[in-house]
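Working notes for the structure below.
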Amino acid sequence: MKKDLMNILACPICKGDLVLNITKEDEKEIISGTLYCSKCNEYYPITDGIPNMLPPELRE
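In this text, residue positions in the sequence shown follow the UniProt record's numbering: the first is 1, and each later residue adds one.
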């Protein structure tokens with residue numbers, strides 16, 4: 001995931017702002033981490049550079 005995406009990403013539930021937590025990145029993109037919505041108190045995982053923006057009940 002590119003850091004520039006943070007300018008357009010929003011919580012899929014409440015449309016609130018997301019906080020980026022990086023656990024692994026390279027020179028080009030974020031490899032793993034989470035996106036956190038403080039309004040919903042929900043985390044969205046970033047795995048292999050792909051943010052999973054599905055609501056929690058739809059994730060596998």
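The beta-carbon is built from N, C-alpha and C at its ideal position, and this holds for glycine as well. A quick note: this is a predicted structure, and the numbers were derived from the prediction, not measured.
In the DSSP annotation of this structure, the continuous segment of the beta strand (DSSP E) that includes asparagine 21 starts and ends at 19 to 25.
Collapsing the DSSP output to three states places proline 51 in a strand. Less than 8 Å separates the beta-carbon of tyrosine 36 from that of leucine 18. DSSP places leucine 35 in the strand class (E or B) of the three-state scheme. By the neighbour-count definition (other C-beta atoms within 10 Å, threshold 16), isoleucine 50 is an exposed residue.
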